[in-house]
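Here the protein sequences come in this chain order: U and C.
Position 26 of the first sequence, counting from 1, maps to 26 under the numbering used here, and the rest follow consecutively.
Position 291 of the second sequence, counting from 1, maps to 1291 under the numbering used here, and the rest follow consecutively.
Each remark here refers to the structure printed beneath this line.
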Amino acid sequence: MADEQRQDTELTLYEVFVQEKTGEPHVHAGSLHAADQEMALQNARDVYARRGPVASMWVVPATSITATSPSDAGPFFDPAEDKVYRHPQFYRVPRAARQQAKKVTS
Amino acid sequence: MHDETQQLEAFQARIDAGEKIEPKDWMPDNYRRQLIRMISQHAHSEVVGMLPEGNWITRAPSLRRKMILLAKVQDEAGHGLYLYSAAETLGIDRAELIEQLLTGKAKYSNIFNYPTLTWADIGMIGWLVDGAAIVNQTMLAKCHFGPYSRAMIRICKEENFHNKQGYELVATLARGTPQQRRMAQESLNRWWWPTLMMFGPPDDQSPNSAQLMRWKIKLQSNDELRQRFVDRTVAEAKAIDLEIPDPDLRFNEQTGHWEHGPIDWDEFWRVIRGDGPYNHERIRVRREAHERGAWVREAAEAYALKRREKAASAAG
């Protein structure tokens, strides 16, 4: 065996997303290492889909994912908190209309 | 800027409030180190666990048993991979983890330092060893580090098959010929005590437990988990008329638990330190498999490179 190149290099890290049934979202399942996307997909099947149900799978190089960091998640998501008028509860509806709405939806 | 004490307090407060910790969150160095140690040890156990079973695949007594064993060993590889990927979220490389296993720096479950001498041992691994693992993993699935908990939920879903196929195998031998029955009993005699040791030293001698419980990595103590395993397994042994090799085993009417006799902790420490019957053999075989697989990893990379170059020249 050649002795000059024994050190293993680390293969690219891929994140795996699995959709169990059509119509449902793809959900993060875990990660794996592979030399390219195609092999990543094959490995993902063997590692994360040995038992059904699986309708579809995505593999994404981990480096391609941009994520929020926990330290600025607070300020980053802040704008969502101070706009109460985005929620239906913010609005006052006349009682008669409210009862009408209940009948229609129930 | 917070100082370290404030950060520590805030971190503990999050855990006490029931929040789960995710990899990018601030965490104490010690927490990170302990988790890497624990998760990687767990991953190595799955990988090394393939060896005592793998060597029986070609000797399985029927096609049905062979297919089951193949699927189980493949699952163990998968479990190792889920766990390596959970450990990597803490900032350690896969290559480094593998290196730690192959150089003997990292530990794996002591139980795999015992040999599988008979076919009944394959059943015993599923029934006892995986049974013990399920008790432990059901707890870990609720632990407060997100990636570890998620990996455990996946593993628990698959582990029940391992446990059931093992119990079925042992039950089949137990109601077979007198010779098969003896084989099952002899195997139980060898595996019972090492399996009880899998839960780790008793609570008063387990140095890491208190901290791990404060961090909600562990939610139950070693002795509590061991007790749960004993209670369920004694009932299963009775159902197939096998005898637990413990003359002191008795049912405590007051507590409703089966109480076992003293465990030989000297043996436990001896095996952990490397003097088990199979420590060297396991690492030797693992190392050999890694070296023999090197060409596959190299070929995969060469192929990927060739395809990238081809795509680049076609585009260029």
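Each residue gets a CB set at the ideal place from its N, CA and C atoms; glycine is no exception.
Note that the structure is predicted; figures quoted are calculated from it, not measured.
> Where does C/H1079 fall in DSSP's three states?
Replying inline: Helix, per DSSP.
> Quick one: is C/S1062 buried, meaning 16 or more other Cβ sit within 10 Å of its Cβ, or exposed?
Replying inline: Exposed, by the Cβ-count rule.
> For C/N1136 versus C/L1225, is the C-beta distance shorter than 7 Å?
Replying inline: Judged by beta-carbon spacing, C/L1225 lies within the 7 Å limit of C/N1136, meaning their Cβ atoms are closer than that value.
> At what residues does the beta strand (DSSP E) containing U/T12 begin and finish?
Replying inline: Its beta strand (DSSP E) spans residues T12 to Q19.
>> Can you check whether the C-beta of C/S1085 is within less than 7 Å of a C-beta belonging to chain U?
In response: Yes - at least one Cβ of chain U is within 7 Å of the one on C/S1085.
>> At the 7 Å Cβ level, is U/S56 part of the contact set with chain C, yes or no?
In response: Chain C places no beta carbon closer than 7 Å to that of U/S56, leaving this residue out of the contacts.
> Could one say the Cβ of C/R1014 lies closer than 7 Å to chain U's Cβ atoms, at least one of them?
Replying inline: So, not an interface residue.
> Going by other Cβ atoms of all chains shown within 10 Å of its Cβ, with 16 needed for buried, is C/L1101 buried or exposed?
Replying inline: Flag for C/L1101 reads buried.
> Residues of chain C with CB under 9 Å from U/R50, in chain order?
Replying inline: Close partners of U/R50 in chain C (Cβ separation under 9 Å): A1071, Q1074, D1075, G1078 and E1158.
> CB-CB under 8 Å to C/I1134, same chain, minus the five flanking residues each way: which ones, in chain order?
Replying inline: Once the five neighbours on either side are set aside, the close Cβ partners of C/I1134 are C1156, E1159, N1160 and N1163.
> When you compare only the Cα positions, how much space is there between C/W1056 and C/Q1185?
Replying inline: Approximately 19 Å, taken between the alpha carbons.
>> Under 8 Å, with one C-beta from each stretch per pair, do the region 1080-1098 of chain C and the region 1028-1043 of chain C reach the 3-pair mark?
In response: Touching, yes.
> What residues of chain C sit near U/H33, judged by a beta carbon separation below 8 Å?
Replying inline: The answer, in chain order, is R1094.
> Excluding five sequence neighbours on each side, which residues of the same chain lie with their C-beta closer than 7 Å to the C-beta of U/G30?
Replying inline: Result list for U/G30: V16 and Y48, in chain order.
>> At the level of alpha carbons, what is the spacing between C/L1035 and C/A1087?
In response: Cα to Cα, C/L1035 sits roughly 8 Å from C/A1087.
>> Tell me which residues share the same chain as C/A1060 and place their Cβ nearer than 6 Å to its Cβ, disregarding the 5 neighbours each side in the sequence.
In response: Answer for C/A1060: K1066 and L1069, listed in chain order.
> Across which residues does DSSP place U/M57 in a beta bridge pair?
Replying inline: Bridge partners of U/M57: U/V18.
> Applying a beta-carbon distance threshold of less than 7 Å, which residues of chain U neighbour C/E1024?
Replying inline: It should be noted that the sequence gives Lys, not Glu, for residue 1024 of chain C. Chain U residues near C/K1024: S69 and P70.
> Taking Cβ positions only, does C/L1081 come closer than 7 Å to chain U?
Replying inline: At least one chain U Cβ lies under 7 Å of C/L1081.
> Which residues does DSSP pair with C/S973 in a beta bridge?
Replying inline: Here chain C comprises residues numbered 1001 to 1316, so residue 973 of chain C is not present and cannot be evaluated.
> Under 7 Å Cβ-Cβ, which residues of chain U neighbour C/R1307?
Replying inline: Listed by position along chain U, the residues whose Cβ is nearer than 7 Å to that of C/R1307 are D36.
> Mind pulling the chain B residues with CB within less than 7 Å of U/E10?
Replying inline: No chain B is part of this structure, whose protein chains are labelled U and C.
> In chain U, what lies closer than 9 Å to C/A1289 by C-beta?
Replying inline: Result: empty, since nearest Cβ-Cβ is about 13 Å, beyond 9 Å.
> Between the Cα of C/T1255 and the Cα atoms of C/G1276, C/E1009, C/Q1227 and C/I1092, which residue gives the shortest distance?
Replying inline: Ranking the options by Cα distance to C/T1255, first place goes to C/Q1227.
>> Only counting the same chain, and skipping five residues up and downstream in sequence, which positions put a Cβ closer than 7 Å to that of C/D1264?
In response: Closer than 7 Å at Cβ, skipping near neighbours: W1193.
> At what residues does the alpha helix (DSSP H) containing C/S1313 begin and finish?
Replying inline: Unbroken alpha helix (DSSP H) run through C/S1313: A1294 to A1315.
> For C/F1145, which residues does DSSP report across the bridge?
Replying inline: C/I1021.
> Per DSSP, C/W1258 is paired with what?
Replying inline: Bridge partners of C/W1258 according to DSSP: C/F1251.
> With respect to the alpha helix (DSSP H) encompassing C/A1120, which residues constitute its N-terminal and C-terminal limits?
Replying inline: Note, C/A1120: alpha helix (DSSP H), W1119 to M1124.
> Out of curiosity, what's the CA-to-CA distance linking U/T66 and U/D72?
Replying inline: Near 14 Å, if we compare the C-alpha coordinates of U/D72 and U/T66.
>> My parser needs the alpha helix (DSSP H) runs of 4 or more residues fully inside the region 1049-1117 of chain C; what are they?
In response: Entirely contained in the region 1049-1117 of chain C, the alpha helix (DSSP H) runs reaching 4 residues are, in chain order, 1063-1088 and 1094-1102.
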